[in-house]
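In full-length UniProt numbering, the protein residues as written are 1 to 125.
Cβ coordinates follow ideal geometry from the N, Cα and C atoms, glycine included.
Written out as structure tokens, the structure is:
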């Protein structure tokens, strides 16, 4: 993935620190209508990760909220993401934050282990 995909205003990449060390990451990149299944105004969530020793502290939920806010501030109207059926904790997090199933997009369209989710963004264009 090209780091330039996350350059504002068409993306953002955030790193959260705890006790001086990086513990959580996440980013989004702008997407528009394409044969891959995106729609105009989409922001694709990428690279959400919390280091194992920092899990269970609500950090993923906090960085996700900030990513949603920055995407909406840049005029994005929907956040979309892909995760896998083997990541039930991720699916539970996203579901509890209002994400619902959407048609599969991109490289994941034919992957039986992929789950694609989306959520309208408040304040988007």
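Item: Which value, in whole angstroms, describes the spacing of the CA atoms of residue 98 and residue 79?; Value: 11 Å
Item: Applying the criterion that 16 or more other CB atoms from any shown protein chain within 10 Å of the CB defines a buried residue, is residue 40 buried or exposed?; Value: exposed
Item: Quick one: grab the DSSP three-state call for residue 98.; Value: coil
Item: Count the other CB atoms within 10 Å of the CB of residue 24; is the residue buried (16 or more) or exposed (fewer)?; Value: buried
Item: Specify whether the region 105-113 and the region 46-65 touch according to this definition: at least 3 beta carbon pairs, one from each stretch, less than 8 Å apart.; Value: no
Item: Check for me: the beta strand (DSSP E) holding residue 43 runs from which residue to which?; Value: 42-50
Item: Taking its Cβ as the centre, do 16 or more other Cβ atoms sit within 10 Å of residue 83, making it buried, or is it exposed?; Value: buried
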